[in-house]
Amino acid sequence: MNHRIHHLAVLVLVVIHFFIGLGWYALFGEAWLNYNARTMTDIEPPHSAVPYVIAIVAAIVVNYALAWLFAKLHVAHALTGLKIALICWFGFLFVQYATISVFSAFETNPWPLILINMGRPFLAFAISGIVLGAWRRREL
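72 is the number that our numbering gives to position 33 of the sequence shown; each next residue is one higher, with no gaps.
Below you can see the structure in the form of structure tokens.
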């Protein structure tokens, strides 16, 4: 069994992550605005490509990190990939973000807003775990 990083899988997942973000906020954007006490007129479209480049670089880093971890752990099944990816999401993202959001003196976000903000990476990590766990590189 080959447990090297599958670069094509990572590239596909970077594109998927980008579209997950678009779809997520298309579904939950209005609620997100309400919890942040904003309207669409308060949100200006970015005047540069920098936010998109940062999002793409972040997706590359996340997916290569998961792919590296999966290679080291010899993950070879979608369900195993899903479990490990969601453990990473919960342990490294959700707990930290929830702690900062709820207990910070400067930012006390309601739980529904935290769930909206963390739902997108939850879905992205879940899909990454399934794809990276299942999509094995063929032996050459």
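The beta-carbon is built from N, C-alpha and C at its ideal position, and this holds for glycine as well.
(request) Could you tell me the distance, in whole angstroms, from the CA atom of Val51 to the CA atom of Ser87? (result) On the sequence shown, position 12 is the one that residue 51 refers to. On the sequence shown, position 48 is the one that residue 87 refers to. Looking at the two C-alpha atoms, the distance is approximately 24 Å.
(message) Rounded to the nearest angstrom, what separates Asp81 and Arg159 at their Cα positions?
(response) For the purposes of this step, residue 81 is identified with residue 42 of the sequence shown, where counting begins at 1. For the purposes of this step, residue 159 is identified with residue 120 of the sequence shown, where counting begins at 1. So the two alpha carbons sit approximately 22 Å from each other.
(message) Considering only the alpha carbon of each residue, which of Ser140, Arg43, Ala98 and Leu47 lies closest to Leu162?
(response) Counting from one through the sequence shown, the residue named residue 162 turns up at place 123. Looking at the Cα atoms, Ala98 is the closest of the given residues.
(request) Tell me whether Ala70 sits in a helix, a strand or coil according to DSSP, three-state version. (result) Within the sequence shown, numbered from 1, the residue matching residue 70 stands at position 31. Residue state, collapsed to three classes: helix.
(request) Could you tell me which of Ala115, Gln135 and Gly60 sits nearest to Ile93, measuring between CA atoms? (result) Looking up residue 93 in the sequence shown gives position 54. Considering only alpha carbons, the answer is Gly60.
(message) Checking 7 Å against the spacing of the C-beta atoms, do Ile169 and Ala117 come in under that value?
(response) For the purposes of this step, residue 169 is identified with residue 130 of the sequence shown, where counting begins at 1. For the purposes of this step, residue 117 is identified with residue 78 of the sequence shown, where counting begins at 1. For Ile169 and Ala117, yes; Cβs fall inside 7 Å.
(request) Can you tell me which of the three DSSP states Val114 falls into? (result) On the sequence shown, residue 114 is found 75 positions in, with the first residue counted as 1. It is coil, neither helix nor strand.
(message) Restricting to Cα atoms, I'd like to know which of Leu171, Ala165 and Leu152 is closest to Trp71.
(response) On the sequence shown, position 32 is the one that residue 71 refers to. Nearest of Leu171, Ala165 and Leu152 to Trp71, Cα basis: Leu152.
(request) Run the CB neighbour count on Asn156, radius 10 Å, all protein chains shown included, and call it buried at 16 or more, exposed below. (result) Here residue 156 refers to the residue found at position 117 when the sequence shown is read from its first residue. Per the 10 Å Cβ criterion, buried.
(message) Tell me the DSSP secondary structure of Arg43 in three-state form.
(response) Taking the first residue of the sequence shown as position 1, residue 43 is located at position 4. Arg43: coil per DSSP, three-state reduction.
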